[in-house]
Amino acid sequence: MISLMSKCFLLILAMTGECMAKSIVAYGAQSKADTISQMTIERREVTPSDISIDIMYCGICHSDIHQVNNDWGRAIYPIVPGHEIIGEVTNIGNQVTKFKVGDIVGVGVMVGSCGNCGSCTDNLEQYCEKGFISTYSSEDPQHGGVTYGGYSENIVVDEKFVLHVPTNLALNAVAPLLCAGITTYSPLRNWKVKPGDTVGIIGLGGLGHMGVKFAKAMGANVVMITSSTNKAEDAKSLGADAVIISKNPEDMKNNANKFDILLNTVPVSHDLNPYLSLLKRDGTMILVGAIEPFKSGELNGVKLIVGRKSLAGSLIGGLQETQEMLDFCGENNILPDVEMITASEINNAYKRMLNNDVKYRFVIDFTKK
Ligand code: NAP
Ligand code: ZN
2 MISLMSKCFL
12 LILAMTGECM
22 AKSIVAYGAQ
32 SKADTISQMT
42 IERREVTPSD
52 ISIDIMYCGI
62 CHSDIHQVNN
72 DWGRAIYPIV
82 PGHEIIGEVT
92 NIGNQVTKFK
102 VGDIVGVGVM
112 VGSCGNCGSC
122 TDNLEQYCEK
132 GFISTYSSED
142 PQHGGVTYGG
152 YSENIVVDEK
162 FVLHVPTNLA
172 LNAVAPLLCA
182 GITTYSPLRN
192 WKVKPGDTVG
202 IIGLGGLGHM
212 GVKFAKAMGA
222 NVVMITSSTN
232 KAEDAKSLGA
242 DAVIISKNPE
252 DMKNNANKFD
262 ILLNTVPVSH
272 DLNPYLSLLK
282 RDGTMILVGA
292 IEPFKSGELN
302 GVKLIVGRKS
312 LAGSLIGGLQ
322 ETQEMLDFCG
332 ENNILPDVEM
342 ITASEINNAY
352 KRMLNNDVKY
362 RFVIDFTKK
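Residues 2 to 370 in the numbering used here are what the sequence shown lists, from first letter to last.
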């Protein structure tokens, strides 16, 4: 009798289209350092302020690898990575005002924050004092359960955390802007990079190549500081005015005291001291490479004291600034260099990224089955 009643109830819900979570295909890891494989996850039905997005493209960030390997000690398994998402709006809640069905939209690293703290009210949701809700591997106090990211067919997100995508840009290449783009744009803006400044980008990967493009577009003299001799030509074609090979002590010595800003994207623990020597008086090195805990040995304080230098960090960017960055890319025709793959190639892409073999961002194409 109960089972007949519940069947009727489910039938009514299905007919009215209400309150039904949706099972979808996703790609993720079941446990630490597991390979990525196909799985089924559930997406909630849209709430009044939600948007349902059918995912077309999702970039692969080095943070995805850190999280699958639990490098930061806070992964929740199973984990479905992916926070560089582009897709089409397929359903909207009845209070949504910013988007309509058929719009092409983006979702980045955040899907929620408290909305009330000083950081949230300053449009800096990434520094939410209660901790923002990550697009994946985050407890979701607002909707329950754990978040699953963009290596999947569909995602449901509150409209506040959804971005408009400029219509003139190639959509497959836009995806990495949602993390690699904003993570490099935000510090360059915050530290007010301007024509005449000398900016060094350390590490030519997904973040680094966007750092070069943005610093160049902001009028700086841009220097690529790479550990890979074979990337020098690429760095110049991406916009770098000069290249330093960080493994070459002579090269490093010859460039001492030259830089206003260094943007450090290296994803592994390393000695910061040689880079601090490159800064001018009052220069700043900003860490965006996410190494935690930081195990780089002793920082030589004298390198900061002599020359009044600063060491700083920066985390993605707020929603308002992410929209500003997307619009800036639309106006200046700035796009990541991408290599398109299918979902079955994610494990190989991870291996290649760990072997420093990516030019310069992998993007998963979900439009090809
Ligand atoms: P990526 O594409 O793998 O690029 C990293 C680059 O760092 C490599 O291409 C390489 O450039 C350099 N590198 C790698 N291993 C190195 C080593 N052992 N010594 C020196 N240089 C090395 O990574 P990504 O996606 O750009 O991410 C970079 C880091 O930023 C990751 O830790 C990621 O988690 C973090 N991240 C932080 C934020 C944030 O908000 N702060 C946001 C996104 C990502 P060269 O060959 O030129 O040396
Ligand atoms: Zn990322």
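Every residue gets a Cβ at the ideal spot worked out from N, C-alpha and C, and that includes glycine.
Given 8 Å as the limit, tell me if residue i has its C-beta closer than that to any heavy atom belonging to the ligand ZN.
i: threonine 184; result: yes
i: cysteine 59; result: no
i: serine 120; result: no
i: aspartate 65; result: yes
i: glutamate 140; result: no
i: glutamate 85; result: yes
i: valine 175; result: no
i: valine 112; result: no
i: cysteine 129; result: no
i: cysteine 62; result: yes
Using the three-state DSSP reduction, which class does residue i fall into: helix, strand or coil?
i: serine 278; result: coil
i: valine 147; result: strand
i: phenylalanine 10; result: Per-residue confidence for phenylalanine 10 stands at a pLDDT of 41, beneath the threshold of 50, marking its modelled position as unreliable; the derived number appears in the next sentence. Reduced to three states, the DSSP call for phenylalanine 10 is helix.
i: glycine 18; result: The pLDDT assigned to glycine 18 is 42, lower than 50, so where the model puts this residue is not dependable; a value taken from the coordinates is nonetheless given after this. Of the three classes helix, strand and coil, the one that applies to glycine 18 here is coil, per DSSP.
i: asparagine 255; result: helix
i: aspartate 366; result: strand
i: asparagine 231; result: helix
i: glutamate 140; result: strand
i: serine 238; result: helix
i: leucine 178; result: helix
i: serine 4; result: Residue placement at serine 4 is flagged as unreliable, the pLDDT there being 44, under the threshold of 50; the coordinate-derived value follows with that caveat. Here serine 4 sits in helix by DSSP.
With residue i as the anchor, note down where its alpha helix (DSSP H) starts and where it stops.
i: lysine 217; result: 207 to 218
i: leucine 263; result: Looking at the DSSP string, leucine 263 is not in any alpha helix (DSSP H); the run it does join, the beta strand (DSSP E), is 260 to 265.
i: methionine 354; result: 347 to 355
i: valine 175; result: 172 to 175
i: aspartate 1; result: Nothing can be reported for residue 1: it is not among the residues displayed for the chain, which extend from 2 to 370.
i: alanine 243; result: First-last for alanine 243: 243 to 246, but that is the beta strand (DSSP E), not the alpha helix (DSSP H).
i: methionine 184; result: Note that residue 184 corresponds to threonine in the displayed sequence, not to methionine. Taken as a continuous stretch (DSSP letters only), the alpha helix (DSSP H) holding threonine 184 covers 181 to 191.
Is residue i near the ligand NAP, in the sense that its beta carbon is under 8 Å from a heavy atom of that ligand?
i: proline 82; result: no
i: cysteine 1; result: Since the first and last residues shown for the chain are 2 and 370, residue 1 lies out of range.
i: asparagine 349; result: no
i: lysine 99; result: no
i: glycine 290; result: yes
i: asparagine 357; result: yes
i: proline 275; result: no
i: lysine 193; result: no
i: leucine 312; result: no
i: isoleucine 354; result: Reading the sequence as shown, one finds methionine at residue 354 and not isoleucine. Yes, Cβ of methionine 354 sits closer than 8 Å to a heavy atom of the ligand NAP.
i: proline 268; result: yes
Give the C-beta separation of residue i and residue j to the nearest angstrom, bearing in mind that I take them to be a contact with Cβ-Cβ under 8 Å.
i: cysteine 62; j: glycine 207; result: 6 Å
i: glutamate 85; j: glycine 60; result: 3 Å
i: alanine 257; j: valine 244; result: No, alanine 257 and valine 244 are not in contact; Cβ-Cβ is about 16 Å, not under 8 Å.
i: lysine 304; j: serine 345; result: 47 Å between Cβ atoms; not a contact.
i: glycine 240; j: lysine 259; result: Their Cβ separation, rounded to whole angstroms, is 18 Å, which puts glycine 240 and lysine 259 out of contact at 8 Å.
Could you tell me the boundaries of the beta strand (DSSP E) in which residue i lies?
i: serine 120; result: From DSSP, serine 120 is part of no beta strand (DSSP E) but of the alpha helix (DSSP H) over 119 to 122.
i: aspartate 358; result: No beta strand (DSSP E) holds aspartate 358; DSSP gives it neither H nor E.
i: glycine 201; result: 199 to 203
i: arginine 155; result: Reading the sequence as shown, one finds asparagine at residue 155 and not arginine. 155 to 159 is the span of the beta strand (DSSP E), which, as asked, contains asparagine 155.
| request: Would you mind listing the beta strand (DSSP E) stretches within the segment 284 to 333 that are 3+ residues and don't spill past its ends, in chain order? | output: Complete beta strand (DSSP E) runs here, min 3: 311 to 314.
| said: Please give the ranges of any beta strand (DSSP E) in the segment 24 to 111, keeping only runs that are unbroken, at least 3 residues long and fully inside the region. | reply: Uninterrupted beta strand (DSSP E) stretches at least 3 residues long and entirely within the segment 24 to 111 occur at 38 to 44, 51 to 60, 86 to 93 and 105 to 108, given in chain order.
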